[in-house]
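Numbering (my numbering), first residue to last: 116 to 526.
Just so you know, even glycine gets a beta-carbon here, dropped at the ideal spot from N, CA and C.
All of these numbers come straight from a predicted model, not from anything done at the bench.
Notes follow the structure.
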Ligand code: MLC
């Protein structure tokens, strides 16, 4: 039987310009996550971290572990995961594997960066260098997604306005989150009249640069129950995960095909491993660094049919314009606002997908809480320019309620 692994603590710093090194943001996030779990530093037996672009270090996780005073320690395992923005979900699944292999019982997953504390030119230089060798004009990453968005428009009839409706919907959701960077709902006109960054991409459709740190404490259920007192119904189960990959940057527009994309396969693996399907998922936290990334994710996770992402976005948007609220029955997605409206510290933001999923699954999402409380969530991280996809299925693990159980999570 598979060892049951739970997310027992979450911690995150605020967003914005902190003027602190990324490792300090990691330290703050880890302290908060330990507090949430009812643990202290001595309880940790492993650390998985993702790279930072503002403060890159050889063996980033070892650097963080050393700076946090976690090393040297006899029983301790450390690993850096580099799948770009997919990193936090890959790291979560790595932490679960480390626990299932019995190398450790408690592992902290941590990500932090300080990209708002870099000036615009320096951020652009570093971000552009991540796709060195491509033919993309600067800013390379927004232009890479822009190329894919134009391809998708031609291939499936997606319209320019439908892309721009994504941040409008997400801004309405973000406005309900006290930590989100976007405080006020945006209008379609705000988005379409904001500075043009690519042919079909404007400023308000870009992942929003910020500093921030976030940590998740992952533990074996058996160990946690034995040594700690936090109620298990506040600790979602990691049910399954899946991963797949694409090239580091997209080919020329006339050579893009469906082969480029990997979220479909990552999702399929995760669904199959959990023995669930789209209809079993009540909340989706989907990577959305640019609108096209979210639209592809809606299609890959089967929230809507292939080519149907634009139509779904438009109908939710039209409904929002009519009623003044996002219908979360039809759009149980990114209730925190996603990368465009919550905030995006480089490789950190998929951590926020997990944090929001934990909040929803444990009924602690305050004004954003979906009703009825979701039982299962799908979290997705995307790295590079559709270069890495990592998906995980989380369950509320509230077996005491006797309403369901997570098949792949039996101990
Ligand atoms: C920026 N602003 C926004 C916003 N984005 N406001 C609302 N919503 C958004 N989505 C605001 C800023 O807060 C700032 O406000 C002003 O617009 C200018 O933004 P800037 O970033 O300071 O401008 P500039 O340096 O000129 O750069 C613009 C940009 C850059 C679009 C080129 O922001 C950028 O590259 N963004 C994308 C970042 C990125 O690529 N992330 C990785 C995504 S890929 P004020 O008030 O301060 O002036 C991914 C996968 C992976 O996620 O692996 O990483």
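Item, Value
"Counting along the chain, where does the alpha helix (DSSP H) carrying residue 178 start and finish?", "175-182"
"Rounded to whole angstroms, what is the Cα-Cα separation between residue 249 and residue 364?", "7 Å"
"One question on the structure: do residue 512 and residue 282 come within less than 7 Å of each other, judged by their Cβ atoms?", "no"
"Return the CA-CA distance between residue 410 and residue 188, expressed in angstroms with no decimal places.", "45 Å"
"Among the residues of its own chain, which have a CB less than 7 Å from the CB of residue 372, if the five just before and after it don't count?", "none"
"Quick check on residue 134: buried or exposed, where buried means 16 or more other Cβ atoms within 10 Å of its Cβ?", "exposed"
"Which residue wins for smallest C-alpha separation from residue 131, given the options 124, 123, 125 and 140?", "140"
"Contact check, residue 211 vs residue 391 under 8 Å by CB: the rounded distance?", "Rounded, the Cβ-Cβ distance is 17 Å, inconsistent with contact."
"Within the same chain, show all residues whose beta-carbon is closer than 6 Å to that of residue 510, passing over the 5 residues directly before and after it, in chain order.", "352, 354, 491 and 521"
"Taking the continuous alpha helix (DSSP H) assigned at residue 259, which residues delimit it?", "255-271"
"Could you check which residue in 204, 209 and 317 has the C-alpha nearest to that of residue 192?", "209"
"Between which residues of its own chain and residue 234 is the CB-CB distance below 6 Å, once the five residues before and five after are set aside?", "none"
"Starting from residue 194, trace the beta strand (DSSP E) in both directions and tell me its first and last residue.", "192-195"
"To the nearest angstrom, how far is the alpha carbon of residue 284 from that of residue 442?", "10 Å"
"So, for residue 298: in the same chain, excluding its five sequence neighbours on each side, which residues have a beta-carbon less than 7 Å away from its beta-carbon?", "290"
"On the three-state DSSP scale, how would you describe residue 156?", "helix"
"Going straight from the alpha carbon of residue 517 to that of residue 181, what length do you get?", "For residue 517, the predicted structure reports a pLDDT of 43, less than 50, and the residue's modelled location is therefore unreliable. A value from the coordinates is still provided. Rounded to whole angstroms, residue 517 to residue 181 spans 43 Å at the Cα level."
"State the CB to CB distance for the pair residue 385 and residue 508, rounded to an integer number of angstroms; the pair is presumed to be in contact (CB under 8 Å).", "5 Å"
"Nearest to residue 263 by alpha carbon, out of 407, 277 and 378?", "407"
"Tell me which residue opens and which closes the alpha helix (DSSP H) that residue 169 is part of.", "Element bounds for residue 169: n/a, residue is neither H nor E."
"To the nearest whole angstrom, what separates the beta carbons of residue 461 and residue 228, a pair I think is in contact under 8 Å?", "4 Å"
"Rounding to the nearest angstrom, what Cα-Cα distance links residue 367 and residue 266 in this structure?", "10 Å"
"Does the distance between the C-beta of residue 254 and the nearest non-hydrogen atom of the ligand MLC fall short of 6 Å?", "yes"
"If distances are taken between C-alpha atoms only, which option among 195, 337, 487 and 393 comes closest to residue 178?", "195"
"With a cut-off of 8 Å on the beta carbons, I'd call residue 231 and residue 452 a contact; round off their distance for me.", "With 8 Å as the limit, residue 231 and residue 452 do not qualify as a contact, their Cβ atoms being about 17 Å apart."
"Below 8 Å on the Cβ atoms is my contact criterion, and I expect residue 154 with residue 343 to pass it. Report the Cβ-Cβ distance as a whole number of Å.", "6 Å"
"Measure the C-alpha to C-alpha separation of residue 420 and residue 252 and round it to an integer number of angstroms.", "32 Å"
"Less than 7 Å between the C-beta atoms of residue 316 and residue 257, yes or no?", "yes"
"Is residue 235 near the ligand MLC, judged by its Cβ being under 6 Å from some heavy atom?", "yes"
"Have a look at 300, 223, 261 and 150 and flag the residue whose alpha-carbon is nearest the alpha-carbon of residue 439.", "300"
"Is the closest heavy atom of the ligand MLC to the C-beta of residue 299 under 6 Å?", "no"
"With 16 other CB atoms within 10 Å as the buried threshold, where does residue 379 fall?", "buried"
"Compute the beta-carbon to beta-carbon distance between residue 499 and residue 199, rounded to the nearest angstrom, for a pair I have assumed lies under 8 Å.", "4 Å"
"What is the DSSP secondary structure of residue 466, reduced to helix, strand or coil?", "helix"
"Any heavy atom of the ligand MLC closer than 6 Å to the CB of residue 322?", "yes"
"Taking C-alpha atoms, which residue in 138, 487, 254 and 357 lies nearest to residue 444?", "487"
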